[in-house]
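Note that the working numbering has the sequence shown beginning at 377, numbered continuously upward. Glycine included, every Cβ here is placed at the ideal spot set by N, Cα and C. None of these values were measured; they are calculated from a predicted model. See structure below.
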Amino acid sequence: MKTLFEKVNVGGNELSNRMVMAPMTRNRADENGDPNDLMAEYYKQRSSFGLLITEGTAPAHVGKAYPGIPGIYTESQIAGWKKVTQAVHESGGRIFLQLMHSGRISHTKITGLDPISASAVKPAGELFTGTGMDPFETPKEMSLQDIADTKAAFVTAAKNAIAAGFDGVELHGANGYLLHQFIASNSNVRTDEYGGSVENRCKFVIEVLVAVVEAIGADKTAIRISPNGTFNDVAETAIEETYTYLLKAINGMGLAFLHVSNQFGFESIPFARKLYSGCIVANSGYADKTKVETAKQIIASEQADLFSFGRLALANPDLPKRLSQGIELNSGDSKTFYSRGPVGYTDYPVAP
Ligand SMILES: Cc1cc2nc3c(=O)[nH]c(=O)nc-3n(C[C@H](O)[C@H](O)[C@H](O)COP(=O)(O)O)c2cc1C
Numbered sequence: 377m378k379t380l381f382e383k384v385n386v387g388g389n390e391l392s393n394r395m396v397m398a399p400m401t402r403n404r405a406d407e408n409g410d411p412n413d414l415m416a417e418y419y420k421q422r423s424s425f426g427l428l429i430t431e432g433t434a435p436a437h438v439g440k441a442y443p444g445i446p447g448i449y450t451e452s453q454i455a456g457w458k459k460v461t462q463a464v465h466e467s468g469g470r471i472f473l474q475l476m477h478s479g480r481i482s483h484t485k486i487t488g489l490d491p492i493s494a495s496a497v498k499p500a501g502e503l504f505t506g507t508g509m510d511p512f513e514t515p516k517e518m519s520l521q522d523i524a525d526t527k528a529a530f531v532t533a534a535k536n537a538i539a540a541g542f543d544g545v546e547l548h549g550a551n552g553y554l555l556h557q558f559i560a561s562n563s564n565v566r567t568d569e570y571g572g573s574v575e576n577r578c579k580f581v582i583e584v585l586v587a588v589v590e591a592i593g594a595d596k597t598a599i600r601i602s603p604n605g606t607f608n609d610v611a612e613t614a615i616e617e618t619y620t621y622l623l624k625a626i627n628g629m630g631l632a633f634l635h636v637s638n639q640f641g642f643e644s645i646p647f648a649r650k651l652y653s654g655c656i657v658a659n660s661g662y663a664d665k666t667k668v669e670t671a672k673q674i675i676a677s678e679q680a681d682l683f684s685f686g687r688l689a690l691a692n693p694d695l696p697k698r699l700s701q702g703i704e705l706n707s708g709d710s711k712t713f714y715s716r717g718p719v720g721y722t723d724y725p726v727a728p
């Protein structure tokens, strides 16, 4: 029977266990999006996970979601990330960068630029813009030129990630950010070849994936999806049809992995296993906080090859050791999830 604690090969990397640290935005980057020493320390502390996936990282300035999130589109950001990858590799870990283009989940007060999206559809709600909360803005509908430019930005960002020493990149196709905004039918009301039918709504995601694979190799490329996810005001229709089409299109590309974030109302993990023959990383989804027993059972029943932990990894830098030895777990403090500085970030204790 498979367990969380055994080695596994992912994209040509021999990982020391099947436990993945899920991508988590922590807002600790410098103002210009540069990763810093504090971030290097945070990731290094967690390098006993088989694989780390970084927080969502902007591939272009217009795609920066929140103040304090990092980017991978300037030389100084690449230099900052080098500190992180070096620290993790020196400790024997492996690390992928999550490329998160936020699309309409951004604000002129954050980037100085008009947010862009599949369509000019304003999401409901507000976001933190630096000093307080502001309502979302209506994004600019991306022209065909914007689509080509954004694809190119993803490719450059992926190459930058490899130059910064990452073992690969994960495209964020989940949680209502740009790629998901193209997939979901309430945020994509386009009438051209990028909107309307299932095929058209999946076209941008597939094109970005193909372009990134061409640039850095399939074994260094992964994608995260969250079928039926509603975060950031997306609402999907024809979910089974949409993701059947998407998974059939990407199955056989030889990606490092497919990361599936399960959402209530649609059993994504067994669904993906049926349609996708490559490596699958399972995640519980935000609304259904990870239960260790569920993670163990998903690996034992081979519904997925690896399991990613979010909040438990945030609060337990040594989670693989704690779980394998049955050591009590720290609980996380949500007040410091998105704050600044080391408190609630690098000060969670490790087990003796
Ligand atoms: C503080 C925090 C920040 C997050 N940021 C991201 C992110 O940048 N990208 C992403 O794909 N998911 C993000 N997530 C979702 C997690 O990756 C994960 O799917 C979710 O927390 C459910 O797993 P868990 O129950 O183990 O925490 C975030 C979650 C938390 C708690």
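Residue i vs residue j beta-carbon contact at 7 Å
i    : j    : result
R729 : G549 : A query on residue 729 cannot be resolved here, the shown segment of the chain reaching from 377 to 728 and no further.
G686 : A632 : no
G447 : Q453 : yes
V581 : L623 : no
D522 : I492 : yes
K516 : D490 : yes
G456 : D410 : yes
Y418 : Y724 : no
T755 : G541 : The structure shown has nothing for residue 755, since the chain only spans 377 to 728.
A587 : V531 : yes
T526 : Q474 : no
I592 : I626 : no
V726 : P693 : yes
M629 : A676 : no
D609 : P499 : yes
P511 : H477 : no
F425 : M377 : no
L634 : Y662 : no
E616 : V574 : no
C655 : Y621 : no
Enclosing alpha helix (DSSP H) for residue i [first to last residue]
i    : result
M400 : No alpha helix (DSSP H) contains M400, which DSSP labels as neither H nor E.
Q557 : 554-559
F580 : 574-592
I486 : 484-487
A463 : 451-466
D413 : 413-421
F607 : No alpha helix (DSSP H) holds F607; DSSP gives it neither H nor E.
L623 : 615-626
V668 : 668-676
R649 : 644-651
S732 : No information on residue 732 is available, as it lies outside the stretch 377 to 728 that the chain covers here.
Span of the beta strand (DSSP E) around residue i
i    : result
V636 : 633-637
S684 : 682-685
P511 : 509-511
Residue from the options whose Cα sits closest to the Cα of residue i
i    : options                : result
A680 : P693, G409, V636, L699 : V636
T507 : H483, A494, Y721, A496 : H483
P399 : D694, F640, L688, S392 : L688
E466 : E575, T597, Q421       : Q421
R402 : F713, V726, P728, M629 : F713
F642 : G654, G630, D568, S660 : S660
V719 : A727, I645, L690, L699 : L690
L380 : K665, D664, A658       : A658
Q639 : E513, F607, S653       : F607
S561 : A614, G630, E704       : A614
M397 : N706, L695, L699, T514 : L695
V497 : E546, M518, L503       : M518
G469 : G552, Y449, K383       : K383
N393 : E612, K672, K665, I703 : K672
P645 : Y621, I674, T666, G654 : Before going further, note that residue 645 is Ile rather than Pro in the sequence given. Residue I674 is the option with its Cα nearest to I645.
A524 : M509, L414, A494       : A494
N389 : L427, R649, Y662, V464 : L427
A603 : E590, V589, Y619       : Note on identity: in this sequence residue 603 is Pro, with Ala being the wrong assignment. Taking only the C-alpha atoms, the option nearest P603 is Y619.
V464 : L503, I486, A416       : A416
For residue i, the residue or residues it bridges with in DSSP
i    : result
A598 : E546, F633
T433 : L475
S493 : E517
V386 : N389
A658 : V636, F683
L503 : D510
G804 : The shown model of the chain, from 377 to 728, leaves out residue 804, and the question about it has no answer.
G447 : A434
Q. Who sits around ligand 1, taking every residue whose Cβ is closer than 7 Å to one of its heavy atoms?
A. A398, P399, M400, T401, R402, E431, G432, Q474, M476, H548, A550, N551, R600, S637, N659, S660, G661, Y662, D664, K665, T666, S684, F685, G686, R687, L688, L690, F713, Y714
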